[in-house]
Amino acid sequence: MVRRPAVAGQFYPSNPKRLQDEVDSFLEPDAPKQSALGILCPHAGYPFSGTTAGKVFSRVTISKRMILLGVNHRGTGHPFAMYARGQWETPFGVVDIDEPLAAHLLAACSHLAHDPDAHACEHSLEVELPFLQRLRHDIRIVPILFGSHNAAKLRDIAQAIAKVIREENQSILLLASSDTNHFENQEITEKKDTLAIDAMLARDPERLFKVCEDEQITMCGVAPAFVMLHAVNDLGASKAELIDHRTSADVTGDYSAVVGYAGMSFR
Numbered sequence: 002m003v004r005r006p007a008v009a010g011q012f013y014p015s016n017p018k019r020l021q022d023e024v025d026s027f028l029e030p031d032a033p034k035q036s037a038l039g040i041l042c043p044h045a046g047y048p049f050s051g052t053t054a055g056k057v058f059s060r061v062t063i064s065k066r067m068i069l070l071g072v073n074h075r076g077t078g079h080p081f082a083m084y085a086r087g088q089w090e091t092p093f094g095v096v097d098i099d100e101p102l103a104a105h106l107l108a109a110c111s112h113l114a115h116d117p118d119a120h121a122c123e124h125s126l127e128v129e130l131p132f133l134q135r136l137r138h139d140i141r142i143v144p145i146l147f148g149s150h151n152a153a154k155l156r157d158i159a160q161a162i163a164k165v166i167r168e169e170n171q172s173i174l175l176l177a178s179s180d181t182n183h184f185e186n187q188e189i190t191e192k193k194d195t196l197a198i199d200a201m202l203a204r205d206p207e208r209l210f211k212v213c214e215d216e217q218i219t220m221c222g223v224a225p226a227f228v229m230l231h232a233v234n235d236l237g238a239s240k241a242e243l244i245d246h247r248t249s250a251d252v253t254g255d256y257s258a259v260v261g262y263a264g265m266s267f268r
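In the working numbering, the protein residues as written are 2 to 268.
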């Protein structure tokens, strides 16, 4: 089974040469790279979030095996939907699903389910792939979409992910895909984003969940970030770094209704 691209020609170019040129314009080949347990990347159209994504990917060693945690914007399908078999296609070609890793995760956590239909139209993980393909041709992925904020189940999933990564005994990078606050003015968004970013810098997923709820921060990927933070903490993370933070106003010049984009690493 091959998942065809859903947002090529919309969020990023569908022409391979144009896509390569655009991705390369965001990457910084001379930036120092460090190993990481997890990263946070935004998922908007490349003109808006490509700079932030490029800065993150340029500063982290990309593992051959990755678990991608995305948000199910449409809420269709299983609440914790994995794409466990087959390939994903982009204009650069296909990326193989890491089927042994996916099977290991499914066996480790009953909350997860193979549900390719949930992924069919979702952009939050698709937009990360061209960056990963440019940096590593042999990458294998396990994509998981989150359509539920059930904290107890999210903790279980995070614990299972950390357990599986330890048992695999190989470098496996976690990617949580999320934008930050949505569609408020620049001043409010900067304040709300700072609250969410500070919680992530403290590597405190419970604080992140609470502050997003209490302050009505519309961080779409709070569930993927919550899972990633719990998992990297379980794996021994001791440092978090904010690599980049900006808003859509940096592109549009419209400060009245913006979307925030943060890029972070955890090691």
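Where a beta carbon is used, it is the ideal one built from N, C-alpha and C, also for glycine. Please read these numbers as outputs of a predicted model, since none were measured by experiment.
Look at residue 212 here: in three-state DSSP terms it is helix. Contact annotation: the stretch 161-180 touches the stretch 101-108, with at least three C-beta pairs closer than 8 Å. For the 8 Å CB-CB criterion, residue 175 and residue 233 form a contact. Annotated as proximal: residue 268 and residue 37, with beta-carbon spacing under 8 Å.
Straight across, the Cα-Cα distance linking residue 62 with residue 230 is about 18 Å. Counting along the chain, residue 68 sits inside the beta strand (DSSP E) bounded by residues 66-72.
A direct Cα-Cα distance of roughly 13 Å separates residue 32 from residue 245. Annotation for residue 25: no residue places its beta carbon closer than 6 Å to its own, counting only its chain and skipping 5 residues before and after.
Residue 51 sits in a helix when the DSSP states are folded into three classes. For the stretch 119-152, the continuous alpha helix (DSSP H) assignments of 4+ residues that do not extend past its boundaries occur at 130-136, in sequence order.
Collapsing the DSSP output to three states places residue 258 in coil. Its chain contains 2, 4 and 84 as the residues whose beta carbon lies nearer than 7 Å to that of residue 117, once the 5 sequence neighbours on both sides are disregarded; these appear in chain order.
In this structure, the alpha-carbon of residue 170 lies about 45 Å from that of residue 258. In terms of Cβ geometry, residue 52 and residue 93 do not form a close pair [threshold 8 Å]. In terms of Cβ geometry, residue 145 and residue 82 form a close pair [threshold 8 Å]. For residue 66, the closest alpha carbon among the candidates 166, 264, 220 and 261 is that of 166. Contact between residue 42 and residue 127 is absent: CB atoms are separated by about 12 Å, not below the 8 Å threshold. In the structure shown, residue 245 falls within a strand segment according to DSSP collapsed to helix, strand and coil.
For residue 100, the closest C-alpha among the options 91, 112, 87 and 132 is that of 87.
For residue 63, the secondary structure class from DSSP, reduced to helix, strand or coil, is coil. When DSSP assignments are scanned along the stretch 146-196, the uninterrupted stretches of beta strand (DSSP E) that are 3 or more residues long and fall wholly within it turn out to be 173-178 and 183-185.
Cβ contact annotation for residue 186 (same chain, cutoff 8 Å, sequence separation greater than five): 256, 257, 258 and 259, in chain order.
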